[in-house]
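Take 0 as the starting number for the sequence shown in numbering that gives the first Met the number 0 and just add one per residue. Single-structure report; data block below.
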Amino acid sequence: MAASSRAQVLDLYRAMLRESKHFSAYNYRSTLAKCMQLTSLSLRVKRSPRPKDHHQPPSATVDHLPHPFCA
Numbered sequence: 000m001a002a003s004s005r006a007q008v009l010d011l012y013r014a015m016l017r018e019s020k021h022f023s024a025y026n027y028r029s030t031l032a033k034c035m036q037l038t039s040l041s042l043r044v045k046r047s048p049r050p051k052d053h054h055q056p057p058s059a060t061v062d063h064l065p066h067p068f069c070a
């Protein structure tokens, strides 16, 4: 399976957030939004690191298990 481009992933992310606003049940809306935020955060953390700047504190890494509903 070919890797998705960053633009395709972001388009999918935005589309899912748009659709989540149309869900009638609050639990579905909030769970999907939370899953998308966690997924987005983990994608940002996994990207290649920037050159180190000695004036900034080290960035935190996210090593968490995905939410059971997000898998």
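Using N, Cα and C, we set each Cβ at its ideal position, and we do this for glycine too. Because the structure is a prediction, the values reported are computed rather than measured.
Here's a check: name, in chain order, each residue in its chain whose Cβ is nearer than 8 Å to the Cβ of Met35, leaving out the five neighbours to either side. In the sequence shown, counting from the first residue as 1, residue 35 sits at position 36. Excluding residues within five positions, the ones whose Cβ falls inside 8 Å are Tyr12, Met15, Leu16, Ser19.
task = Tell me whether Ser29 sits in a helix, a strand or coil according to DSSP, three-state version.
result = Residue mapping note: residue 29 aligns to position 30 of the sequence shown, counting from 1. In the structure shown, Ser29 sits in a helix (DSSP, three-state: H, G or I).
TODO: Look at Leu31 and Phe22 and say whether their C-beta atoms are less than 9 Å apart.
DONE: Looking up residue 31 in the sequence shown gives position 32. Looking up residue 22 in the sequence shown gives position 23. Contact: yes.
Between Met0 and the rest of its own chain, which residues show a CB-CB distance below 7 Å, the 5 nearest in sequence each way excluded?
On the sequence shown, position 1 is the one that residue 0 refers to. Note that Met0 has pLDDT 48, beneath the 50 cutoff, so the model's placement of it is unreliable and the number below is only indicative. Closer than 7 Å at the Cβ level, and outside the excluded window around Met0, lies no residue.
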